[in-house]
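Q:
There are 2 protein chains.
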Amino acid sequence: MPPNYRVYILKLDHRPERDKRVTMHTALVARAFGSQSFYLSGICDNNIKSNLSGVTQQWGGEIEFSCINNPVKFSKKWKEGGGEIIHLTMYGLQVDDVIDDIRSSLKDKLVIIGGPKVDPIYYELADYNVAIGNQPHSEIAALAIFLDRLFKGRELYLEFSGGTVRIIPSPRGKRVERKKEH
Amino acid sequence: MPPNYRVYILKLDHRPERDKRVTMHTALVARAFGSQSFYLSGICDNNIKSNLSGVTQQWGGEIEFSCINNPVKFSKKWKEGGGEIIHLTMYGLQVDDVIDDIRSSLKDKLVIIGGPKVDPIYYELADYNVAIGNQPHSEIAALAIFLDRLFKGRELYLEFSGGTVRIIPSPRGKRVERKKEH
């Protein structure tokens, strides 16, 4: 049963040289775990867009990609439009203490993932500042655990339409099925 | 209640120039989610060691770090010594289908995280080839979700002894407590 809301990811302050692989991992988690869109602020990086597009061509599904020039303005508009904001930060409340509230709200959700220095305004704009544990680790891990809690693990069974290949889960080795063309 | 086994992480095929941030994220997840050690094969990278050490000095706990010259030999010895191997791969069996077996075995666990090209021998050496969903995403996310399933979410409440700071979870902003010296 799909939820009644959609989930969008905004990664702040991307710097291609330093972040390309970390941001790509984040985008792939966004896609694989059922997000609608991946928004990127900082330096616009069309390599992320084309890599993500390559993955959806091969593995199916679709996820929108956009660069965001002014993420504060974007976030304010998001809230004015009736959406809510979840800011992932290790300083926030433990995910288990707020996930039921977040899940039961019917608002579309913008999940904001900071860079090394997050403008304090995001802590104010957020409806929820959420920590995945209060230890330093990884925004990639944080996004994955957050979406896993939100979707109660069902995201691991998403079927992606289209694409050319599909994995057959296997105890040993690699089994890949080529999808037939229709 | 701590489990009766320990969990060790082996990241294969590290290349410092390309992987430094992704491997560092992986090491931080290993630490934050309760692993005993972080082993690195490929090119030995003492920056990972010193960064990890800096994090434990500030945030507490301890995690061993070692570079492994011959990871196949190391993995074979691990099994000869009575440990079991979990290889995280998107081609494996869904985590939900095997996690109860893995959790109930009392053997120490070596969780192997591959690089882009994994020697097929790891699929054979592994007691379990485990997928976190069968879509491409991120080994960082995969490790986090695997450990979260293994420890049933309790890892987010680990207390780390020592260190100089501790976060007080907060709905807004950052609250950090400086630990008193003893």
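So the protein lines, in turn, are chains Z and C. At position 25 of the first sequence (counting the first as 1) the number is 35 in the numbering used here, and the numbers step up by one without a gap. At position 168 of the second sequence (counting the first as 1) the number is 178 in the numbering used here, and the numbers step up by one without a gap. Every residue, glycine too, gets a C-beta built ideally from N, C-alpha and C. If you're wondering where the values come from, they're calculated on a predicted model, not measured in any experiment.
Run through chain Z and tell me which residues come within less than 8 Å of residue 158 of chain C, C-beta to C-beta.
A: In chain order: 155, 158.
Q: Below 8 Å, can you find three or more Cβ-Cβ pairs linking the region 51-71 of chain Z to the region 102-117 of chain Z?
A: Touching, no.
Q: Between Z/182, Z/80, Z/40, which lies nearest to residue 73 of chain Z when the distance is taken from Cα to Cα?
A: If we check each option's Cα against that of residue 73 of chain Z, Z/40 comes out closest.
Q: With burial defined as no fewer than 16 other Cβ atoms inside 10 Å of the residue's Cβ, what is the status of residue 121 of chain C: buried or exposed?
A: Per the 10 Å Cβ criterion, buried.
Q: Are at least three pairs of beta-carbons, each pair with one atom in the region 70-84 of chain C and one in the region 161-177 of chain Z, less than 8 Å apart?
A: No: fewer than three Cβ pairs fall under 8 Å.
Q: Could you check the C-alpha separation between residue 70 of chain C and residue 63 of chain C for me, to the nearest Å?
A: Each residue's alpha carbon lies about 10 Å from the other.
Q: Quick check: what's the CA-CA separation for residue 183 of chain Z versus residue 175 of chain Z?
A: About 16 Å.
Q: Check the Cβ-Cβ distances between residue 120 of chain Z and every residue of chain C, and say whether any is below 8 Å.
A: It does not; no Cβ of chain C falls within 8 Å.
Q: Over the uninterrupted beta strand (DSSP E) stretch that includes residue 48 of chain Z, give me the two end residues.
A: 47-52 is the span of the beta strand (DSSP E), which, as asked, contains residue 48 of chain Z.
Q: Is the beta carbon of residue 51 of chain Z sitting closer than 8 Å to the one on residue 29 of chain Z?
A: For residue 51 of chain Z and residue 29 of chain Z, no; Cβs fall outside 8 Å.
Q: What residues from chain Z crowd round residue 20 of chain C, counting only those whose CB sits closer than 7 Å?
A: What residue 20 of chain C touches in chain Z: nothing, since even the nearest Cβ is about 18 Å away.
Q: Quick check: what's the CA-CA separation for residue 68 of chain Z versus residue 78 of chain Z?
A: Each residue's Cα considered, the two are about 26 Å apart.
Q: Could you tell me the alpha carbon to alpha carbon distance between residue 142 of chain Z and residue 96 of chain Z, rounded to whole angstroms?
A: Answer to the nearest angstrom: the Cα atoms are 12 Å apart.
Q: Can you find the residues in the same chain that come closer than 8 Å, C-beta to C-beta, to residue 44 of chain C, ignoring five residues on each side of it along the sequence?
A: Here the set comprises 17, 157, 161, 165, 168.
Q: Based on Cα-Cα distance, which residue from Z/103, Z/190, Z/65 lies nearest to residue 137 of chain Z?
A: With distances taken between Cα atoms, residue 137 of chain Z lies closest to Z/103.
Q: Let me know the secondary structure DSSP gives residue 82 of chain C once reduced to three states.
A: DSSP places residue 82 of chain C in helix when its eight states are reduced to three.
Q: Quickly, what does DSSP pair residue 177 of chain C with across the bridge? List them, please.
A: Answer is C/186, bridged to residue 177 of chain C.
Q: Residue 119 of chain Z bridges to which residues according to DSSP?
A: Z/17, Z/94.
Q: Interface residues of chain C around residue 126 of chain Z at Cβ under 7 Å?
A: Ordered by position in chain C, no residue passes the 7 Å Cβ test against residue 126 of chain Z, which lies about 11 Å from the chain.
Q: Anything in chain C within Cβ reach of residue 150 of chain Z, meaning under 7 Å, just list it in chain order.
A: Going along chain C in sequence order, the residues near residue 150 of chain Z (Cβ under 7 Å) are 35, 148, 150, 151.
Q: According to DSSP, simplified to helix, strand and coil, what is residue 108 of chain C?
A: In the structure shown, residue 108 of chain C sits in a helix (DSSP, three-state: H, G or I).
Q: Using C-beta distances below 8 Å, list every residue in its chain close to residue 153 of chain C, excluding the 5 sequence neighbours before and after it, in chain order.
A: Counting only Cβ-Cβ distances below 8 Å, and skipping sequence neighbours, we find 19, 36, 39, 40, 43, 98, 121, 123.
Q: Can you tell which of C/190, C/27, C/31, C/48 has the C-alpha that lies nearest to the C-alpha of residue 21 of chain C?
A: Selected option, being the one with the closest Cα: C/48.
Q: Looking at residue 177 of chain Z: is its Cβ nearer than 8 Å to the Cβ of residue 34 of chain C?
A: Contact flag unset, no.
Q: From residue 172 of chain Z to residue 117 of chain Z, what distance separates their C-alpha atoms?
A: Going by the C-alpha atoms only, they are around 28 Å apart.
Q: So that I know if they touch, is there some Cβ in chain Z lying closer than 8 Å to that of residue 91 of chain C?
A: So, not an interface residue.
Q: What are the boundary residues of the alpha helix (DSSP H) that includes residue 57 of chain Z?
A: 56-69 is the extent of the alpha helix (DSSP H) around residue 57 of chain Z.
Q: Can you grab the Cα-Cα spacing for the pair residue 179 of chain C / residue 76 of chain Z, in whole Å?
A: Whole-angstrom Cα-Cα distance: 32 Å.
Q: Along the chain, where does the alpha helix (DSSP H) that runs through residue 156 of chain Z open and close?
A: Unbroken alpha helix (DSSP H) run through residue 156 of chain Z: 149-160.
Q: Report the neighbours of residue 69 of chain Z on chain C: residues whose CB is nearer than 8 Å to its CB, in chain order.
A: Those are 145, 146, listed as they occur along chain C.
Q: For residue 32 of chain Z, does the three-state DSSP call read helix, strand or coil?
A: Three-state DSSP puts residue 32 of chain Z in a helix.
Q: Report the residues of the region 170-186 of chain C with a CB closer than 9 Å to any CB of chain Z, ordered along the chain.
A: Listed by position along the chain: 170, 176, 177, 178, 179, 180, 181, 182, 183, 184, 185, 186.
Q: Quick one: what does DSSP say residue 169 of chain Z is sitting in, helix, strand or coil?
A: Three-state result, residue 169 of chain Z: coil.
Q: Going by beta carbon distance, what residues of the same chain come within less than 7 Å of residue 170 of chain Z, once the five residues before and after it are set aside?
A: Closer than 7 Å at the Cβ level, and outside the excluded window around residue 170 of chain Z, lie 69, 70, 71.
Q: If you measure from the beta carbon of residue 80 of chain Z to each beta carbon in chain C, is any gap under 8 Å?
A: For residue 80 of chain Z, the answer is no, since every Cβ of chain C falls outside 8 Å of its Cβ.
Q: Closest Cβ-Cβ distance between residue 98 of chain C and chain Z: below 8 Å?
A: With 8 Å as the cut-off, residue 98 of chain C does not count as an interface residue toward chain Z.
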